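Enquirer: For what it's worth, my numbering labels the leading residue of the sequence shown as 32, then goes sequentially.
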Amino acid sequence: ILLDGLVLSLSKEKSVSIVAALTDAEEILPALETSGVEVVLTDIITKGNRNALDYVASIRQAYPQVKIIAITGFPDITFMEKARKEGVNSFVYKNISTEELVSVIKNTYAGYSVFPSPDKSRIAFWDAMSDAERKVLRLYCKGMEREQIAQEMFISQSSVKSHISSILQKTGFSSMARVAIYAVSTGLVFTE
């Protein structure tokens with residue numbers, strides 16, 4: 032559904048031609064072999080939970096002239112760092128408007144690199160969570176266990192577990208410890 036919406040939005044732009052709409056990072060190289068693609072816009076996490084950034088080196092080697100833009104809904108700053116390291120030309124979050132995305136595509140095609148500022152990734156990280164998830168994160172950062180968090184928030188431990196799962200899914204981190212380190216180190220959560 033999201034891919035269809037993106038294709039529909041971009042197809043209305045006269046300056047953008049869509050050559051292929053793929054759901055799996057493994058399909059990118061074969062698609063490049065049969066088309067004159069100049070810019071690849073790829074979600075970072077694709078079908079089968081594949082990380083498209085793992086395919087960038089192969090694309091770069093086979094098609095060095097192709098510009099690559101990575102797009103994600105996960106505010107994990109390590110995605111942005113890995114994207115730069117792998118040779119992605121530009122990096123954007125899914126919460127940008129179609130006009131902004133078209134601008135990024137045009138600028139990338141023209142040879143510019145577009146990456147959000149770290150502050151924008153911090154804001155996206157925080158905005159991705161609900162109020163309850165933010166409270167769970169704050170309490171976790173203070174060193175509370177699930178049982179203590181449940182008591183403090185007057186909710187069940189299974190609700191706390193559900194909030195934690197949602198936080199991990201939304202932020203792209205593999206553990207709450209990593210989420211907490213990021214939240215405290217970037218000043219989103221204060222532990223005093």
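Built from N, CA and C at the ideal position, the CB exists for glycine as well. As the structure is a prediction and not an experimental result, all values here were calculated from the model.
Find out if the Cβ-Cβ distance for the pair T103, I75 is shorter than 8 Å.
Expert: For this step, residue 103 is matched to residue 72 along the sequence shown. For this step, residue 75 is matched to residue 44 along the sequence shown. Going by C-beta atoms, T103 is nearer than 8 Å to I75.
Enquirer: Buried or exposed for N120, going by 16 or more other Cβ atoms inside 10 Å?
Expert: On the sequence shown, position 89 is the one that residue 120 refers to. Per the 10 Å Cβ criterion, buried.
Enquirer: Mark I32 as exposed unless 16 or more other C-beta atoms lie within 10 angstroms of its C-beta, in which case mark it buried.
Expert: Here the question's residue 32 lines up with position 1 in the sequence shown. In this prediction, I32 has a pLDDT of 47, which is less than 50 and means its spatial position is unreliable; nothing more can be read from the coordinates.
Enquirer: Judging by CA-CA distance, which residue of F204, V97, K45, A211 is the nearest neighbour of T139?
Expert: Residue mapping note: residue 139 aligns to position 108 of the sequence shown, counting from 1. For T139, the nearest C-alpha among the options comes from V97.
Enquirer: How big is the Cα-Cα spacing for R165 and Y171?
Expert: Here residue 165 corresponds to residue number 134 of the sequence shown, with the count starting at 1. Here residue 171 corresponds to residue number 140 of the sequence shown, with the count starting at 1. Each residue's alpha carbon lies about 10 Å from the other.
Enquirer: Tell me the residue span of the beta strand (DSSP E) that contains S121.
Expert: Against the sequence shown, residue 121 aligns to sequence position 90. Counting along the chain, the beta strand (DSSP E) containing S121 begins and ends at 121 to 124.
Enquirer: To which residues of the same chain is D35 closer than 6 Å at the C-beta, ignoring the five residues directly before and after it?
Expert: As a first step, residue 35 must be located in the sequence shown, where it is residue number 4. There are no such residues.
Enquirer: Between which two residues does the alpha helix (DSSP H) holding V70 run?
Expert: Walking along the sequence shown from the start, residue 70 turns up at place 39. Per DSSP, V70 lies in no alpha helix (DSSP H) segment; the continuous beta strand (DSSP E) that holds it begins and ends at 70 to 74.
Enquirer: Does the distance from the CB of I90 to the CB of L60 come in under 8 Å?
Expert: The residue labelled residue 90 in the question sits at position 59 within the sequence shown. The residue labelled residue 60 in the question sits at position 29 within the sequence shown. Cβ atoms of I90 and L60: closer than 8 Å.
Enquirer: Give me the Cα-Cα distance between D40 and T129, rounded to the nearest whole angstrom.
Expert: Within the sequence shown, the letter at position 9 stands for residue 40. Within the sequence shown, the letter at position 98 stands for residue 129. This sequence places Ser at residue 40; Asp is not what is there. So the two alpha carbons sit approximately 7 Å from each other.
Enquirer: Between the Cα of G28 and those of F185, S66, A56, spot the shortest distance and give me the residue it belongs to.
Expert: Nothing about residue 28 can be reported from this structure: the residues present for the chain run from 32 to 223 only.
Enquirer: Using a beta-carbon distance below 8 Å, is I76 in contact with chain C?
Expert: Among the protein chains of the structure shown there is no chain C, as only one such chain exists.
Enquirer: Would you list the one or two residues that DSSP bridges to N138?
Expert: As a first step, residue 138 must be located in the sequence shown, where it is residue number 107. Beta-bridge pairing links N138 to no other residue.
Enquirer: What number of angstroms, rounded off, separates the C-alpha of F180 from the C-alpha of T217?
Expert: Within the sequence shown, residue 180 is the residue found at index 149, counting from 1. Within the sequence shown, residue 217 is the residue found at index 186, counting from 1. It is worth fixing the name first, because residue 180 is Ile in this sequence and not Phe. Those two C-alpha atoms are separated by around 22 Å.
Enquirer: Alpha carbon to alpha carbon, how far is V70 from K137?
Expert: For this step, residue 70 is matched to residue 39 along the sequence shown. For this step, residue 137 is matched to residue 106 along the sequence shown. Roughly 9 Å separates the two Cα atoms.
Enquirer: So if DSSP puts R81 in a beta bridge, which residue, or which two residues, is it bridged to?
Expert: Numbered from its first residue, the sequence shown carries residue 81 at position 50. For R81, the pairing in a beta bridge is given by DSSP as T77.
Enquirer: For A114, I'd like the list of residues in its chain whose CB is within less than 7 Å of its CB, leaving aside the five on either flank, ordered along the chain.
Expert: Counted from its first residue, the sequence shown places residue 114 at position 83. So the qualifying residues of the chain are L84, A101, F122.
Enquirer: Return yes when the Cβ of V87 is within less than 8 Å of the Cβ of E64, no when it is not.
Expert: One-based indexing of the sequence shown puts residue 64 at position 33. One-based indexing of the sequence shown puts residue 87 at position 56. No, they are not a contact pair.
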